[in-house]
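As you go down the protein sequences, you meet chains A and B in turn.
Position 181 of the first sequence, counting from 1, maps to 180 under numbering that gives the first Met the number 0, and the rest follow consecutively.
Position 196 of the second sequence, counting from 1, maps to 195 under numbering that gives the first Met the number 0, and the rest follow consecutively.
What follows is a single structure, written as structure tokens, with notes after it.
There are 2 protein chains.
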Amino acid sequence: MLMTSCILSFVSDESERETTPDRTDSAGDRAPRRRRNPQASRAAILEAARAVFAERGYARATIREIASRAGVTHGLVMRHFGSKEQLLISALPGTQHIPELAAGDPATLPQRIAASFVEQIESSGDHALIALIRSAAAGDEAPMRLYHALERSAAESYRQIFSGPDADVYVDLLASLLIGVTFSRYVAPTGRLAEISAEELIAYLTAAIAALLAPVLPKH
Amino acid sequence: MLMTSCILSFVSDESERETTPDRTDSAGDRAPRRRRNPQASRAAILEAARAVFAERGYARATIREIASRAGVTHGLVMRHFGSKEQLLISALPGTQHIPELAAGDPATLPQRIAASFVEQIESSGDHALIALIRSAAAGDEAPMRLYHALERSAAESYRQIFSGPDADVYVDLLASLLIGVTFSRYVAPTGRLAEISAEELIAYLTAAIAALLAPVLPKH
DNA sequence: GGTTGTAGTGACCAAGTGGTCAATTAGACG
DNA sequence: CGTCTAATTGACCACTTGGTCACTACAACC
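Spelled out as structure tokens, the structure:
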């Protein structure tokens with residue numbers, strides 16, 4: 000169920016600094032060669048990969064476009080990551096511990112879930128969930144495995160917050176709602192959900208989550 | 000919002016009969032040529048297209064595989080439909096009038112929405128919504144346009160069932176839930192939602208929809 | 001300053017794609 | 001039965017893709 004970006008926080012892999020200048024690539028006496036800086040290259044490639052995977056999904060994302068955005072050649076991408084699949088695995092985040100949403104007042108739990116979700120995904124840099132949904136939807140092996148791994152680990156943690164025999168199902172229903180909202184607002188922007196402000200979205204989502212989870216919410 | 004398969008009923012295009020025998024294609028003295036039957040060919044191609052688009056999504060679906068499943072050559076597919084995009088448009092359903100869900104007892108409206116949704120998508124032949132979600136998620140132009148067109152027309156109709164100033168948003172939230180459930184159960188089968196029976200799913204969905212829509216449900 | 005490991009390049013490849021088209025031939029019509 | 005139309009084929013094309021590799025030249029180290 001993934002619990003969407005509530006649980007997606009980057010392990011933040013590489014140093015992510017952007018020392019290197021963009022390459023012209025079209026200019027041309029032979030070699031306007033990029034300054035050597037393997038770490039910066041890796042970071043630039045990963046950042047570009049996240050963006051491109053989010054925009055195009057796994058199948059339509061091309062190594063050449065990722066390389067071009069990172070200001071390197073596609074040969075270098077292959078050198079650093081070996082394959083497109085490995086690049087995806089490196090670019091997308093691993094599961095992190097579930098934020099201690101359960102800690103606060105149970106009455107405000109829905110509000111905190113909604114806010115955490117919207118804020119994380121709204122923060123510009125975080126295209127991970129969108130990329131994952133896009134890519135998993137395409138049906139390729141690699142993203143599908145990634146998706147399932149994240150889902151399993153996230154579900155595991157979330158299941159402990161709620162009680163009752165049906166807890167699993169309600170966790171999945173909540174996840175479905177969040178995935179659907181992500182789809183309607185970011186993947187295929189559509190309807191009112193794509194138009195309203197983040198604050199409004201949080202408000203509506205809070206109400207929806209509260210209603211949805213009522214049967215399994217911890218009693219206050 | 001699409002309201003998922005509640006509103007997706009095929010205009011049922013072609014005659015869909017399956018007179019023609021499968022081709023061996025590998026056997027070989029020149030021409031084990033298919034019996035001429037353009038309507039049957041079109042129908043077979045469309046059926047194959049629906050299945051392949053649902054399994055692979057637009058980007059990864061290939062005309063050759065569709066042709067092969069339909070028992071024809073990919074040249075014939077091109078002849079009949081002109082382009083891959085046109086094939087998609089022809090294969091996927093147009094919006095139909097919203098079934099008269101609003102007619103019955105308002106108290107059972109959530110139950111009818113849930114049942115209508117699950118039954119339609121569970122009926123084996125109907126891969127339309129899955130294909131559409133897969134393809135739109137991939138971000139290709141053609142399926143995205145199709146998706147938006149369907150969404151707009153469906154939202155229009157559904158909006159009239161509910162009342163209140165926030166009706167649009169709640170319609171979209173419901174759609175998001177259904178899209179998310181479709182995703183979790185069919186596109187990237189995951190968690191309990193992918194395991195439980197159709198009857199159980201309907202039961203849980205009914206509860207979820209009732210809770211979700213409570214603020215805008217017609218008073219009984 | 002020379003040596004050297006390797007980051008970075010760009011030409012190359014095989015496979016697969018959507019799309020085109022001339023040639024075949026099944027079937028309808030006289 | 002002969003004629004003609006068009007459904008169907010399969011060879012073909014240009015292009016893109018992921019992946020390989022021999023080569024270049026930057027920068028660190030002695």
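Just so you know, even glycine gets a beta-carbon here, dropped at the ideal spot from N, CA and C.
Only a predicted model underlies this, so the values are computations on that prediction, with no experimental measurement involved.
First and last residue of the uninterrupted alpha helix (DSSP H) at E156(B): Start at 1 with the first residue of the second sequence, and residue 156(B) comes out as number 157. Here the sequence assigns Ser to residue 156(B), which means Glu is not the residue at that position. Run containing S156(B): E140 to Y157, per the alpha helix (DSSP H) assignment.
Assuming H79(B) is part of the alpha helix (DSSP H), what are its boundary residues? Residue numbering aside, residue 79(B) sits at position 80 when the second sequence is read from its first letter. It spans H73 to F80 - the alpha helix (DSSP H) in which H79(B) sits, taken as one unbroken run.
7 Å CB neighbourhood of S14(B) in its chain, flanking five on each side removed: Here residue 14(B) corresponds to residue number 15 of the second sequence, with the count starting at 1. Legend: pLDDT at S14(B) = 38, less than 50; position of this residue unreliable, value from coordinates given subsequently. Excluding residues within five positions, the ones whose Cβ falls inside 7 Å are Q38 and A42.
Taking Cβ positions, are I201(B) and A102(B) nearer each other than 8 Å? Taking the second sequence and counting its residues from 1, one reaches residue 201(B) at position 202. Taking the second sequence and counting its residues from 1, one reaches residue 102(B) at position 103. For I201(B) and A102(B), no; Cβs fall outside 8 Å.
So H79(A) contacts chain B; which residues on that side make the cut at Cβ distance below 8 Å? In the first sequence, counting from the first residue as 1, residue 79(A) sits at position 80. Result: empty, since nearest Cβ-Cβ is about 25 Å, beyond 8 Å.
Going along chain B in order, which residues have a C-beta closer than 9 Å to the C-beta of A197(A)? Here residue 197(A) corresponds to residue number 198 of the first sequence, with the count starting at 1. Those within 9 Å of A197(A) in chain B number zero; the least Cβ separation is about 14 Å.
Look at the alpha carbon of V51(A) and the alpha carbon of A136(B), and state the distance between them as a whole number of angstroms. Position 52 of the first sequence, counting from 1, holds the residue named residue 51(A). Position 137 of the second sequence, counting from 1, holds the residue named residue 136(B). One C-alpha to the other measures close to 14 Å.
Under the rule that 16 or more other beta-carbon atoms within 10 Å means buried, what is P92(B), buried or exposed? Against the second sequence, residue 92(B) aligns to sequence position 93. Burial call: buried.
From this set, L149(B), I178(B) and S40(B), which residue's C-alpha is nearest I120(B)'s C-alpha? Against the second sequence, residue 120(B) aligns to sequence position 121. Checking every option, the nearest Cα to that of I120(B) belongs to I178(B).
Please identify the residue among E84(A), R63(A) and L128(A) whose C-alpha is closest to the C-alpha of E140(A). If you number the first sequence from 1, residue 140(A) lands on position 141. Taking each of E84(A), R63(A) and L128(A) in turn and checking the Cα distance to E140(A), the smallest one comes out for E84(A).
Sorted by chain position, which residues of the same chain lie with C-beta nearer than 8 Å to I299(A)'s C-beta, five sequence neighbours on each side aside? Here chain A covers residues 0 to 219 and nothing more, so residue 299(A) does not appear.
Using the Cβ count rule (16 or more neighbours within 10 Å means buried), how would you classify A148(A)? The sequence position of residue 148(A) within the first sequence is 149, counting from 1. Exposed, because fewer than 16 other Cβ atoms sit within 10 Å of the Cβ of A148(A).
Can you find a CB in chain A that lies within less than 8 Å of the CB of V186(B)? As a first step, residue 186(B) is located in the second sequence; it is residue number 187 there, counting from the start. Yes, contact with chain A.
Under 7 Å by beta carbon: chain A residues contacting Y203(B): Indexing the second sequence from 1 puts residue 203(B) at position 204. Those within 7 Å of Y203(B) in chain A are V168 and L172.
Give me the Cα-Cα distance between T205(A) and Q110(A), rounded to the nearest whole angstrom. Taking the first sequence and counting its residues from 1, one reaches residue 205(A) at position 206. Taking the first sequence and counting its residues from 1, one reaches residue 110(A) at position 111. Whole-angstrom Cα-Cα distance: 5 Å.
Residue range of the unbroken alpha helix (DSSP H) whose run includes E118(B): Translated into positions along the second sequence, residue 118(B) becomes position 119. Element bounds for E118(B): L108 to E121.
Applying the 10 Å Cβ sphere with the 16-neighbour rule, what's the burial state of L7(B)? Here the question's residue 7(B) lines up with position 8 in the second sequence. Confidence in L7(B) is poor, its pLDDT being 45 and thus under 50, which makes the residue's placement unreliable; the coordinate value appears in the next sentence. With 16 or more Cβ atoms within 10 Å of its Cβ, L7(B) is classed as buried.
If I measure Cβ to Cβ from I132(A) and keep anything under 7 Å in the same chain, skipping five residues before and after, which residues do I get? Reading the first sequence from its first residue, position 133 is the one you call residue 132(A). The residues are I178, T181, F182 and V186.
As a quick exercise: from E155(A), E150(A), A197(A) and A207(A), pick the residue whose alpha carbon is nearest that of A222(B). Absent from the structure is residue 222(B), since the part of chain B shown begins at 0 and ends at 219.
With 7 Å as the C-beta to C-beta threshold (strictly closer), list the residues of the segment 107-128 of chain B near chain A in chain order. none
Tell me which residue opens and which closes the alpha helix (DSSP H) that V180(A) is part of. Translated into positions along the first sequence, residue 180(A) becomes position 181. V180(A) -> alpha helix (DSSP H) spans A166 to T181.
If distances are taken between C-alpha atoms only, which option among G190(A), H73(A) and R35(A) comes closest to R151(B)? Residue mapping note: residue 151(B) aligns to position 152 of the second sequence, counting from 1. For R151(B), the nearest C-alpha among the options comes from G190(A).
Can you say whether S196(A) is buried or exposed, counting buried as having 16 or more other CB atoms within 10 angstroms of its CB? By 1-based counting over the first sequence, the position of residue 196(A) is 197. Result: exposed.
What's the gap between the Cα of V117(A) and the Cα of H73(B)? As a position in the first sequence, residue 117(A) is number 118, starting the count at 1. As a position in the second sequence, residue 73(B) is number 74, starting the count at 1. Between V117(A) and H73(B), the C-alpha separation is close to 45 Å.
Does the beta carbon of A90(B) sit closer than 8 Å to a beta carbon anywhere in chain A? Position 91 of the second sequence holds residue 90(B). For A90(B), the answer is no, since every Cβ of chain A falls outside 8 Å of its Cβ.
Which residues in chain A sit within 7 Å of I160(B), going by Cβ to Cβ distance? Stepping through the second sequence from its first residue, residue 160(B) is reached at position 161. Within chain A, no residue comes near I160(B); the closest Cβ sits about 15 Å away, beyond 7 Å.
Please state the DSSP three-state secondary structure of E194(B). In the second sequence, the residue the question calls residue 194(B) occupies position 195. In this structure, E194(B) counts as coil in the three-state DSSP scheme.
Short of 8 Å in beta carbon distance, which residues of its chain neighbour P214(B), apart from the five on each side in sequence? Order them along the chain. In the second sequence, the residue the question calls residue 214(B) occupies position 215. The residues are G163, D165 and Y169.
Do you know offhand how far A130(B)'s Cα is from L212(A)'s? For this step, residue 130(B) is matched to residue 131 along the second sequence. For this step, residue 212(A) is matched to residue 213 along the first sequence. Roughly 30 Å separates the two Cα atoms.
State yes or no: is the beta carbon of S156(B) nearer than 8 Å to at least one beta carbon in chain A? Along the second sequence, read from residue 1 onward, the residue named residue 156(B) stands at position 157. False, the Cβ-Cβ gap to chain A never drops below 8 Å.
Short check: CB of A48(A) to CB of A106(A), under 8 Å? Translated into positions along the first sequence, residue 48(A) becomes position 49. Translated into positions along the first sequence, residue 106(A) becomes position 107. No.
Contact check, L134(B) vs Y57(B) under 8 Å by CB: the rounded distance? Looking up residue 134(B) in the second sequence gives position 135. Looking up residue 57(B) in the second sequence gives position 58. Checking the sequence shown, residue 134(B) turns out to be Ser, not Leu. Yes, they are in contact, since the Cβ atoms of S134(B) and Y57(B) sit about 4 Å apart, within 8 Å.
If we ignore side chains and look at the alpha-carbon of each, how far apart do E54(B) and E198(B) end up? What you label residue 54(B) is simply residue 55 of the second sequence in a count that begins at 1. What you label residue 198(B) is simply residue 199 of the second sequence in a count that begins at 1. Looking at the two C-alpha atoms, the distance is approximately 24 Å.
Measuring only between beta-carbons, confirm whether R49(A) sits less than 8 Å from chain B. As a working mapping, residue 49(A) is identified with position 50 in the first sequence. R49(A) does not count as touching chain B.
Would you call S40(A) buried or exposed, if buried means 16 or more other Cβ atoms sit within 10 Å of its Cβ? The residue you call residue 40(A) lines up with position 41 of the first sequence. With 16 or more other Cβ atoms within 10 Å, it is buried.
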